[in-house]
Amino acid sequence: MDTSAIGGCAPEAAICARGIVRDFESGQTTIRVLHGIDTDIKPGEMTYVVGESGSGKTTLISIMCGILWPTEGEVRVFGTDIYSLSDSELVNFRLNNIGFIFQQYNLIPSIDAAANAAVPLIAQGMEIEEAREKAKVLLDKLNIGDQADKLPSQLSGGQQQRVAIARALVHEPRLVVCDEPTAALDANSGRRVMDLLREVAVAKDRACIIVTHDNRIFDLADRILVLEDGEVTHDGTEMPEDH
Ligand SMILES: Nc1ncnc2c1ncn2[C@@H]1O[C@H](COP(=O)(O)OP(=O)(O)OP(=O)(O)O)[C@@H](O)[C@H]1O
2 MDTSAIGGCA
12 PEAAICARGI
22 VRDFESGQTT
32 IRVLHGIDTD
42 IKPGEMTYVV
52 GESGSGKTTL
62 ISIMCGILWP
72 TEGEVRVFGT
82 DIYSLSDSEL
92 VNFRLNNIGF
102 IFQQYNLIPS
112 IDAAANAAVP
122 LIAQGMEIEE
132 AREKAKVLLD
142 KLNIGDQADK
152 LPSQLSGGQQ
162 QRVAIARALV
172 HEPRLVVCDE
182 PTAALDANSG
192 RRVMDLLREV
202 AVAKDRACII
212 VTHDNRIFDL
222 ADRILVLEDG
232 EVTHDGTEMP
242 EDH
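Position in the sequence shown (from 1) plus 1 gives the number in this note's numbering.
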């Protein structure tokens with residue numbers, strides 16, 4: 002593991018991203034979606050990434066959590082230069098350190114909610130029954146404990162989203178990355194999810210990044226980054242007035 006410092010990167014940063022550029026090919030043309038982003042994500046904070054549709058939020062958080070390679074730049078997650086790892090090392094690093102909640106829930110259709118939520122623990126080698134019990138504790142906290150034995154197809158969209166949230170948190174990862182975690186939820190369920198995220202994902206050696214358009218939860222951020230056309234145009238503790 003390479004833990005040497007890169008330009009201006011605080012040693013305690015949960016994520017240190019430097020010079021992040023991402024291009025996508027579209028036919029004959031190359032579209033630059035991120036234009037050289039430098040940012041640190043601090044442990045102990047819930048950081049929101051907000052901005053208009055197409056501004057590059059999902060692209061940025063995907064790069065920060067090791068699922069989309071940057072065209073240029075470097076990302077360190079808890080000191081590890083993740084894109085210098087081999088594929089298998091990166092898979093292991095993600096499994097042990099990162100929980101994701103993406104807009105597609107990607108639940109396994111043939112296994113029940115408890116087993117879906119337990120997947121990271123089972124992948125880490127835990128006995129299935131023990132992993133299911135741990136997963137059920139989170140499903141209870143998300144108010145869907147009574148749905149634990151149901152298949153994803155028997156659950157509503159909001160219930161599936163909560164199973165995906167339980168799966169992201171069950172192995173107590175040091176970094177939790179969420180894309181619109183409250184989008185499919187009513188206000189009460191959304192608050193419950195945010196409470197659980199804060200309980201599990203915000204600690205002095207942990208960090209949580211949330212992409213959201215949900216103005217019902219803006220007051221819960223410790224820090225807000227605004228992206229516009231692939232650049233960070235605001236970095237502060239409050240939303241800028243024009244949002
Ligand atoms: N795989 C891809 N191939 C080509 N273009 C892509 C790809 N992924 C994203 N883009 C483009 O990159 C830009 C940023 O997309 P991204 O999903 O990061 O934006 P976003 O801010 O998360 O949007 P939203 O709020 O709508 O989810 C968009 O113009 C999108 O069309």
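Glycine included, every Cβ here is placed at the ideal spot set by N, Cα and C.
Kindly identify the DSSP beta-bridge partner or partners of residue i.
i	result
GLU73	VAL22
THR30	SER27
ALA169	Per DSSP, none; premise fails for ALA169.
GLY159	GLY159 pairs with nothing; no bridge assigned.
GLU229	GLU232
CYS17	ASP41 and ARG77
ARG224	THR48
LEU35	ARG23
GLY237	ILE225
For the alpha helix (DSSP H) that contains residue i, what are its first and last residues?
i	result
THR48	Per DSSP, THR48 belongs to no alpha helix (DSSP H); it is in the beta strand (DSSP E), 47 to 51.
ALA208	Looking at the DSSP string, ALA208 is not in any alpha helix (DSSP H); the run it does join, the beta strand (DSSP E), is 208 to 212.
ASN107	Where ASN107 is concerned, there is no enclosing alpha helix (DSSP H), given that its DSSP letter is neither H nor E.
ALA119	114 to 124
Mapping DSSP to helix, strand and coil, what is residue i?
i	result
VAL201	helix
THR60	helix
LEU1	One cannot answer for residue 1 here, as it falls past the ends of the chain, which runs 2 to 244.
GLU134	helix
LEU186	coil
ASP196	helix
MET127	coil
LEU91	helix
SER54	coil
ILE145	coil
SER154	helix
GLY191	helix
ILE218	helix
Alpha carbon to alpha carbon, how far is residue j from residue i? Give it in angstroms, no decimals.
i	j	result
ASN98	LEU176	6 Å
ASP150	LEU221	32 Å
THR4	LEU152	The predicted position of THR4 is uncertain, since its pLDDT is 45 and thus under 50; a value taken from the coordinates is nonetheless stated next. Their backbone Cα atoms lie some 42 Å apart in a straight line.
GLY231	PRO174	28 Å
THR81	LEU156	38 Å
VAL34	ASP141	40 Å
ASP133	LEU143	One point to set straight first is that residue 133 is Arg, not Asp, in the sequence displayed. Taking the straight line joining both Cα atoms gives about 15 Å.
THR60	ARG23	8 Å
ARG95	LEU226	23 Å
ILE83	CYS10	15 Å
HIS36	ALA18	12 Å
ALA14	GLY191	28 Å
ILE218	GLU181	11 Å
LEU91	ILE211	22 Å
Considering just the uninterrupted stretch of the beta strand (DSSP E) at residue i, what are its terminal residues?
i	result
ILE99	99 to 102
LEU176	176 to 180
- prompt: Within the structure, which residues are defined as neighbours of ligand 1 by a Cβ-heavy atom distance below 5 Å, reported in chain order?
  reply: PHE25, VAL34, SER54, GLY55, SER56, GLY57, LYS58, THR59 and THR60
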